[in-house]
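Engineer: In terms of the numbering used here, the sequence shown opens at residue 230 and continues consecutively. Cβ atoms here follow ideal geometry from the backbone N, Cα and C, with glycine treated the same way. Owing to the predicted nature of the structure, the values given are computational and were not obtained by experimental measurement.
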Amino acid sequence: MGPTTLLQAASAGKVAHHPSVVAGLVLDRAPVGLALIDANDRLVWANTALTELACPTGGELQGRNLNELFRPFVNLLGERGSYHTLSPGEDWQQAWLAVDDSASARLGLMSCVAFDRGADAALDSGTDPLMWLVTFVDLDADADAVLDRRHADIGNVASTWIFEDRLSHAFDRADRLGQRLGVMLIELHGLSRILVDHGGEMASRVSRRAGRRLVNVLRREDSVVQVDRERWGVLLEHPVTPETLQLVADRCLEALEPPFTLSGYRPALIEPRIGIVLCPEDGEEAGELLAHAEKALEEAVPGGFAFYDGSLQRLMERQQRFRHELQEALMFPDQQFYLVYQPQFDLITRRCCGLEALVRWRHPQRGEVAPGEFVALAAEMQLVDRLDRWVLKEVVAQRRRWREAGSELGDWDISVNIHHCLLDQDGFDGRALDLYLRQLCESGAKGEAGAEKEAGGHYRHECLDWLCLEVDGAGLFEVGHRQSHLLRRIVALGVRLGVDGLGRSPVDLFGMASLPVTLGKLGPDTLKTLADPSTSMRQSVAALMRCLEALEFVAVAVGVETAEQLDTIKALGLVRIQGRLVGAPLESEALVDWAASGAHPAIAI
Numbered sequence: 230m231g232p233t234t235l236l237q238a239a240s241a242g243k244v245a246h247h248p249s250v251v252a253g254l255v256l257d258r259a260p261v262g263l264a265l266i267d268a269n270d271r272l273v274w275a276n277t278a279l280t281e282l283a284c285p286t287g288g289e290l291q292g293r294n295l296n297e298l299f300r301p302f303v304n305l306l307g308e309r310g311s312y313h314t315l316s317p318g319e320d321w322q323q324a325w326l327a328v329d330d331s332a333s334a335r336l337g338l339m340s341c342v343a344f345d346r347g348a349d350a351a352l353d354s355g356t357d358p359l360m361w362l363v364t365f366v367d368l369d370a371d372a373d374a375v376l377d378r379r380h381a382d383i384g385n386v387a388s389t390w391i392f393e394d395r396l397s398h399a400f401d402r403a404d405r406l407g408q409r410l411g412v413m414l415i416e417l418h419g420l421s422r423i424l425v426d427h428g429g430e431m432a433s434r435v436s437r438r439a440g441r442r443l444v445n446v447l448r449r450e451d452s453v454v455q456v457d458r459e460r461w462g463v464l465l466e467h468p469v470t471p472e473t474l475q476l477v478a479d480r481c482l483e484a485l486e487p488p489f490t491l492s493g494y495r496p497a498l499i500e501p502r503i504g505i506v507l508c509p510e511d512g513e514e515a516g517e518l519l520a521h522a523e524k525a526l527e528e529a530v531p532g533g534f535a536f537y538d539g540s541l542q543r544l545m546e547r548q549q550r551f552r553h554e555l556q557e558a559l560m561f562p563d564q565q566f567y568l569v570y571q572p573q574f575d576l577i578t579r580r581c582c583g584l585e586a587l588v589r590w591r592h593p594q595r596g597e598v599a600p601g602e603f604v605a606l607a608a609e610m611q612l613v614d615r616l617d618r619w620v621l622k623e624v625v626a627q628r629r630r631w632r633e634a635g636s637e638l639g640d641w642d643i644s645v646n647i648h649h650c651l652l653d654q655d656g657f658d659g660r661a662l663d664l665y666l667r668q669l670c671e672s673g674a675k676g677e678a679g680a681e682k683e684a685g686g687h688y689r690h691e692c693l694d695w696l697c698l699e700v701d702g703a704g705l706f707e708v709g710h711r712q713s714h715l716l717r718r719i720v721a722l723g724v725r726l727g728v729d730g731l732g733r734s735p736v737d738l739f740g741m742a743s744l745p746v747t748l749g750k751l752g753p754d755t756l757k758t759l760a761d762p763s764t765s766m767r768q769s770v771a772a773l774m775r776c777l778e779a780l781e782f783v784a785v786a787v788g789v790e791t792a793e794q795l796d797t798i799k800a801l802g803l804v805r806i807q808g809r810l811v812g813a814p815l816e817s818e819a820l821v822d823w824a825a826s827g828a829h830p831a832i833a834i
């Protein structure tokens, strides 16, 4: 049995063979920087690797303060824009190692782990047995590496390991909750050129700036890790879809596009590109997902991004083309968009009591495009205000043409569904909605024979008591109180306001009562719940009807498609209905013929 303590080994003359001595030699020759820190944050020992990194021209580290030797890096994995201090812990943290007490520094990963020296503490009586082992992995080892070349990629390996570790935890959460994950590899092409031309410090500063830009465009819950000098890894968790990943990639590319201006240097340009993968579609293990992200990165062009899945990439390209086509179509809406009008019926008089104007898109190559495919997208692209204003302009002009032609349609009420963004005081062209409506009426009055002018020289505008503007409930409650003055000005023109989609989201009855709203529409989703055999759903709708009646709202059931729905609506006491069962949407010419033939519903009501 060999010596169990260093004192026994010394007395036996076998110090060189004692495990503690062997371990000391291993630590001293380790390819990463190692140091022991006492309770006062002073270095009591540093291995050869750390000494050569910090003192390449010679010098000692013993006695140096930890926070003088290392300085913190921006905490890209924590609070946005915040900094962290170097603190003990097993987690890896990014830090800068001072070199020769100069302004230059080396970027690395460091950990600080506590350990108890136990029985060997007796060798140094009077000292605290608790010490700290600091490990430093050089991430700048690929430029003028002071370590052996066979270890030059140790920093990249460590960073990749950290990212894979975070991925593994994210995999567990996603699997448990049945959610997707998104991973992006962002390569900053051009940093190598900066490294050659200006040195490692300049390249590191640009890299840090790039990291901050990425953090500023990502959500607080997203993870960002610098995998190596030129690459960043981004982990995105729920909600994740191909569309959201595309939007995030666009934001990252946009953030990295401007030049990096640093004091004492010319503005530096880099060309980012992004490889994107989706879990579980592209892999269910961290290593597999990162390998596929590498392949996607190879396919990405500078300034662009690519998905690993070719079919997904083609889908994104098709969607991008579709967005571009929609944007072009909205530049000249008269060329591709048109209106149809769906009649509404009164169940008491059994007559048509109004119309709803609905927008349609007749694409020159795609043909008819369903509203569900482009209306929400126009809102996402912040172009829906252009679309809604065009609809209002066409409705006002069409009703005027009907009146001039002597059609009874010129006396009917018309409803138009608008997005709540149209209620903002400042439109995209600086005109509030009430001003826009007033100008529409005045422009029409100019062309009428015998049109009268008001005292101020403006044409007397026609009354808009035939127009009802419907806004989705959630959107109306969001902006209604903020734009209460605008709503009152709109109502002063004679326009009525309605809440669309009741029953689809929580109803703020007090909020509705305080707004100048006079109409409530129950959407198709609400009507479909009436097919539920349980009485609770019908009781809920009946309760909503009583609330609308108490508020003196006119209630309209939209999306009536079956006779069973019609019977239930009658039993609930609803008076006004709209749907394909009683009348399909018609273009203007067909609507004129239908009105001339008696304007009868499609079935007996």
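Would you tell me roughly how many angstroms separate the C-alpha atoms of Ala831 and Gly752, rounded to the nearest one?
Structural biologist: As a first step, residue 831 is located in the sequence shown; it is residue number 602 there, counting from the start. As a first step, residue 752 is located in the sequence shown; it is residue number 523 there, counting from the start. Using only the alpha carbons, I get a separation of about 20 Å.
Engineer: Between the alpha carbons of Ser397 and Gln556, how many angstroms are there, rounded?
Structural biologist: Mapped onto the sequence shown, residue 397 falls at position 168. Mapped onto the sequence shown, residue 556 falls at position 327. Using only the alpha carbons, I get a separation of about 41 Å.
Engineer: Please report the straight-line C-alpha distance between Trp361 and Ala343, rounded to a whole angstrom.
Structural biologist: Translated into positions along the sequence shown, residue 361 becomes position 132. Translated into positions along the sequence shown, residue 343 becomes position 114. C-alpha of Trp361 to C-alpha of Ala343: approximately 4 Å in a straight line.
Engineer: In three-state DSSP terms, what is Ser644?
Structural biologist: By one-based count along the sequence shown, residue 644 stands at place 415. Of the three classes helix, strand and coil, the one that applies to Ser644 here is strand, per DSSP.
Engineer: Report the rounded CA-to-CA distance for Ala324 versus Asp367, giving the unit in angstroms.
Structural biologist: Within the sequence shown, numbered from 1, the residue matching residue 324 stands at position 95. Within the sequence shown, numbered from 1, the residue matching residue 367 stands at position 138. If you take the alpha carbons of Ala324 and Asp367, they lie about 10 Å apart.
Engineer: Skipping 5 residues on each side, what residues in its chain have a beta carbon closer than 7 Å to that of Val375?
Structural biologist: By 1-based counting over the sequence shown, the position of residue 375 is 146. Since pLDDT at Val375 reaches only 33, below the 50 mark, its modelled position is unreliable, and no value is offered.
Engineer: According to DSSP, is Arg589 helix, strand or coil?
Structural biologist: On the sequence shown, residue 589 is found 360 positions in, with the first residue counted as 1. In the structure shown, Arg589 sits in a strand (DSSP, three-state: E or B).
Engineer: Using C-beta distances below 7 Å, list every residue in its chain close to Ile798, excluding the 5 sequence neighbours before and after it, in chain order.
Structural biologist: On the sequence shown, position 569 is the one that residue 798 refers to. Result list for Ile798: Ala786, Val789 and Ile806, in chain order.
Engineer: Indicate the three-state DSSP secondary structure (helix, strand or coil) for Gly452 in the structure shown.
Structural biologist: Residue 452 sits at position 223 when you count from the first residue of the sequence shown. The displayed chain sequence assigns Ser, not Gly, to residue 452. Ser452 carries a strand assignment under DSSP once its states are collapsed to helix, strand and coil.
Engineer: Kindly indicate which three-state DSSP category Ala661 falls into: helix, strand or coil?
Structural biologist: Against the sequence shown, residue 661 aligns to sequence position 432. Residue state, collapsed to three classes: coil.
Engineer: If I follow the unbroken beta strand (DSSP E) through Arg508, where does it start and stop?
Structural biologist: The sequence position of residue 508 within the sequence shown is 279, counting from 1. Going by the sequence as given, residue 508 is Cys instead of Arg. For Cys508, the enclosing beta strand (DSSP E) has its first and last residue at Glu500 to Cys508.
Engineer: When DSSP labels each residue in this structure, what does Asp353 get in the three-state scheme?
Structural biologist: Position 124 of the sequence shown, counted from the start, is the residue given in the question as residue 353. Because Asp353 carries a pLDDT of 47, less than 50, the predicted location of this residue cannot be relied on, and no value is offered for it.
Engineer: Take every Cβ of the region 615-624, pair it with every Cβ of the region 550-570, and state whether three or more of those distances are shorter than 8 Å.
Structural biologist: yes
Engineer: Check whether the Cβ atoms of Val746 and Val728 lie closer than 7 Å to each other.
Structural biologist: Position 517 of the sequence shown holds residue 746. Position 499 of the sequence shown holds residue 728. Yes, the pair counts as a contact, with Cβ atoms nearer than the cut-off.
Engineer: How far does the beta strand (DSSP E) with Val363 in it extend, from its first residue to its last?
Structural biologist: Here the question's residue 363 lines up with position 134 in the sequence shown. Leu359 to Asp367 is the span of the beta strand (DSSP E), which, as asked, contains Val363.
Engineer: Please work out which residues of its chain come closer than 8 Å, Cβ to Cβ, to Leu612, disregarding the five sequence neighbours upstream and downstream, and give them in chain order.
Structural biologist: By one-based count along the sequence shown, residue 612 stands at place 383. Answer for Leu612: Leu555, Gln556 and Leu559, listed in chain order.
Engineer: Give the DSSP bridge partners of His418, in chain order.
Structural biologist: Position 189 of the sequence shown holds residue 418. The partner list for His418 (beta bridge, DSSP) reads Glu500.
Engineer: Taking only three categories from DSSP, how would you classify Leu795?
Structural biologist: In the sequence shown, counting from the first residue as 1, residue 795 sits at position 566. It is helical.
Engineer: Using DSSP's beta-bridge definition, name the partner residues of Ile806.
Structural biologist: In the sequence shown, the residue the question calls residue 806 occupies position 577. DSSP, once it has assigned bridges, lists Phe574 and Ala786 as partnering Ile806.
Engineer: Would you mind giving the Cβ-Cβ distance between Gly533 and Leu414, rounded to the nearest angstrom? I have them listed as a contact below 8 Å.
Structural biologist: On the sequence shown, position 304 is the one that residue 533 refers to. On the sequence shown, position 185 is the one that residue 414 refers to. Actually they are not in contact, since the Cβ atoms of Gly533 and Leu414 sit about 13 Å apart, beyond 8 Å.
Engineer: Are Glu585 and Ser644 touching if we call contact CB-CB under 7 Å?
Structural biologist: Within the sequence shown, the letter at position 356 stands for residue 585. Within the sequence shown, the letter at position 415 stands for residue 644. Yes, they are a contact pair.
Engineer: Distance, Cα to Cα, Asp701 vs His521?
Structural biologist: Taking the sequence shown and counting its residues from 1, the one referred to as residue 701 is at position 472. Taking the sequence shown and counting its residues from 1, the one referred to as residue 521 is at position 292. Roughly 42 Å separates the two Cα atoms.
Engineer: Would you call Cys481 buried or exposed, if buried means 16 or more other Cβ atoms sit within 10 Å of its Cβ?
Structural biologist: Here the question's residue 481 lines up with position 252 in the sequence shown. Buried: at least 16 other Cβ atoms inside 10 Å.
Engineer: Ignore the nearest five residues each way along the sequence and tell me which others in His418's own chain have a CB closer than 8 Å to its CB.
Structural biologist: Mapped onto the sequence shown, residue 418 falls at position 189. Only Glu459, Ile499, Glu500, Pro501, Arg502 and Pro531 meet the Cβ criterion.
Engineer: Who are the near neighbours of Arg378 in its chain, counting only those whose CB is closer than 7 Å to its CB and skipping five residues on each side?
Structural biologist: Translated into the one-based positions of the sequence shown, residue 378 becomes position 149. Per-residue confidence for Arg378 stands at a pLDDT of 29, beneath the threshold of 50, marking its modelled position as unreliable; the derived number appears in the next sentence. Cβ within range, chain order: n/a, list empty.
Engineer: With a Cβ-Cβ cutoff of 7 Å, do Gly835 and Leu731 count as a contact?
Structural biologist: One cannot answer for residue 835 here, as it falls past the ends of the chain, which runs 230 to 834.
Engineer: Do you know offhand how far Gly428's Cα is from Ser421's?
Structural biologist: Numbered from 1 along the sequence shown, position 199 holds the residue referred to as residue 428. Numbered from 1 along the sequence shown, position 192 holds the residue referred to as residue 421. Taking the straight line from one Cα to the other gives about 9 Å.
Engineer: Could you check what DSSP says for Cys284 in three-state terms: helix, strand or coil?
Structural biologist: Position 55 of the sequence shown holds residue 284. Looking at Cys284 - three-state DSSP - the assignment turns out to be coil, as it is neither helix nor strand.
Engineer: Under 8 Å Cβ to Cβ from Gln291, same chain only, skipping five residues before and after it: list those, please.
Structural biologist: By one-based count along the sequence shown, residue 291 stands at place 62. If you ignore the 5 residues before and after Gln291, its C-beta comes within less than 8 Å of the C-beta of Leu272, Val273, Trp274 and Ala275, all in its own chain and listed in chain order.
Engineer: Evaluate His553 with the Cβ neighbour count: other Cβ atoms within 10 Å of its Cβ, from every protein chain shown; 16 or more gives buried, anything less gives exposed.
Structural biologist: Here residue 553 is taken as the residue at index 324 of the sequence shown, counted from 1. By the 10 Å Cβ count, His553 comes out exposed.
Engineer: Is the beta carbon of Asn296 within less than 6 Å of some heavy atom of the ligand FMN?
Structural biologist: Absent from the structure shown: the ligand FMN. Ligands present: none.
Engineer: Note the first and the last residue of the continuous beta strand (DSSP E) segment covering Leu265.
Structural biologist: One-based indexing of the sequence shown puts residue 265 at position 36. Gly262 to Ile266 is the extent of the beta strand (DSSP E) around Leu265.
Engineer: Note the first and the last residue of the continuous alpha helix (DSSP H) segment covering Trp844.
Structural biologist: Absent from the structure is residue 844, since the part of the chain shown begins at 230 and ends at 834.
Engineer: Use the C-beta contact count for Asn296: other C-beta atoms within 10 angstroms, 16 or more gives buried, fewer gives exposed.
Structural biologist: Here residue 296 refers to the residue found at position 67 of the sequence shown. So Asn296 ends up on the exposed side.
Engineer: Is the Cβ-Cβ distance between Ala779 and Leu803 less than 7 Å?
Structural biologist: Here residue 779 corresponds to residue number 550 of the sequence shown, with the count starting at 1. Here residue 803 corresponds to residue number 574 of the sequence shown, with the count starting at 1. Going by C-beta atoms, Ala779 is not nearer than 7 Å to Leu803.
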